[in-house]
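Residue numbers (the UniProt record's numbering): 1 to 461.
Glycine residues also receive a C-beta, built at the ideal position from the N, C-alpha and C atoms.
Because the structure is a prediction, the values reported are computed rather than measured.
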């Protein structure tokens, strides 16, 4: 388990690990007694908040410029880890989660979420449909969770009762926090709402708090949705002559706002963004049909770290990715004389390769031009690492480094996702996209478990 130092820790985590053989039985006794009695020691419920400036350019005199970093005693996280493991197993066994919730779940990620959304939008685009994508943002969602409502959902939606429900009641009640800056720490203040920040159970409890929302969203048959924790995506597709279907989007948003008001959650309407995916000649008509929502339309939107454009070419995302990669590459080049080769390779993978690989399964729709731009970035990294000139042929360098070229990394990622989907190791919404290829007549390839290719970039057809 990863640990972060908390001023309230009674002993360093390193000492705890080294002496675990001796104190392990006592730790097990604490966990067992807590679960049986349905109570948590007060010491486990008092985090220390460290304010962290979000950006150096922000005004440090404003509270909104800081991000609160909550640190709990690491021993409390051991108890939470044990509870989270049991709770997650029960939730998975009874299929309680919304299948389109990808936040904080095993085998789910931003990449799988975006892959499903982009696939749906591209499929409708190929069919000649128009689509509207709505990105909703919540204001301080984790901090406004009502404890009484959360306990009701644990009881009514998850089925907890008895000592298990009492344990969570104890977990949420009588919590307090203090703020530490440098060597100074404030007095404690009670924390009466919100899921515990910096905890193991906090994200899990937030997902359970949102469970009723899935029934609201799924009741609108013409609207698809996807969630990643508190990031909500709605998208609706329609034929060009069916603009009236957009009224359903207004009704859906009104229902979401009503439910959120009753759950002490609030949409940040200033950050609501809408992307119209339609032929250029139809965009004005779609925008007019959106009514009051038209003011939220954008030429491109940043969706979980990936920039979507109306044609879903990801050209804007590639441009931003190339620009930021070369910015970091220039800075790394200045440091390269003082770094060993292994250190330099680690830095390049951390700042460059990780960017090229992030959500690269979406890059199957990229044009050859965009892929070549990304390959130029990787080539520059290879030349810097091997201290080669820009005229050196790149293929031998990539072979020497055992680096797959960008387009092969994309194909490799797709193959991994397909393998996982076929073996039940990927989200069900990814497995649903795989269609077995059934030839119209008997062929030698009939028994090779081939799949139907759903979409290709226009210049790859």
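- Within a 10 Å sphere around the beta-carbon of residue 54 sit fewer than 16 other beta-carbons, which makes this residue exposed.
- The C-beta distance from residue 207 to residue 103 rounds to 6 Å, short enough to fall under 8 Å.
- Closest by C-alpha distance to residue 364, out of 288, 122 and 298, is 122.
- Residue 212 has no beta-bridge partner at all, per DSSP.
- The secondary-structure analysis by DSSP pairs residue 231 across a beta bridge with 228.
- The C-alpha of residue 24 lies about 11 Å from the C-alpha of residue 31.
- The region 29 to 47 and the region 176 to 183 touch, with no fewer than 3 CB-CB distances between them shorter than 8 Å.
- The bridge partners DSSP lists for residue 51 are 68.
- The beta-bridge partner set that DSSP reports for residue 307 consists of 302.
- With a cutoff of 8 Å on beta-carbon distance, residue 225 and residue 145 are scored as not near each other.
- Within the region 344 to 401, the complete alpha helix (DSSP H) segments at least 4 residues long are 354 to 357, 368 to 386 and 394 to 401, listed from N- to C-terminus.
- With a beta-carbon spacing of about 7 Å, residue 131 and residue 236 fall inside the 8 Å limit used to define contacts.
- By the 16-neighbour rule on beta-carbons within 10 angstroms, residue 171 is buried.
- Annotation for residue 137: 268 and 271 place their beta carbon closer than 6 Å to its own, counting only its chain and skipping 5 residues before and after.
- With a cutoff of 8 Å on beta-carbon distance, residue 377 and residue 326 are scored as near each other.
- With contact defined as three or more Cβ pairs closer than 8 Å, the region 288 to 308 and the region 109 to 120 are in contact.
- By the criterion of a C-beta distance shorter than 7 Å, residue 417 is surrounded in its chain by 361, 426 and 430, once the five residues flanking it on both sides are discounted.
- Under the DSSP assignment, residue 39 falls outside any alpha helix (DSSP H); it carries neither an H nor an E label.
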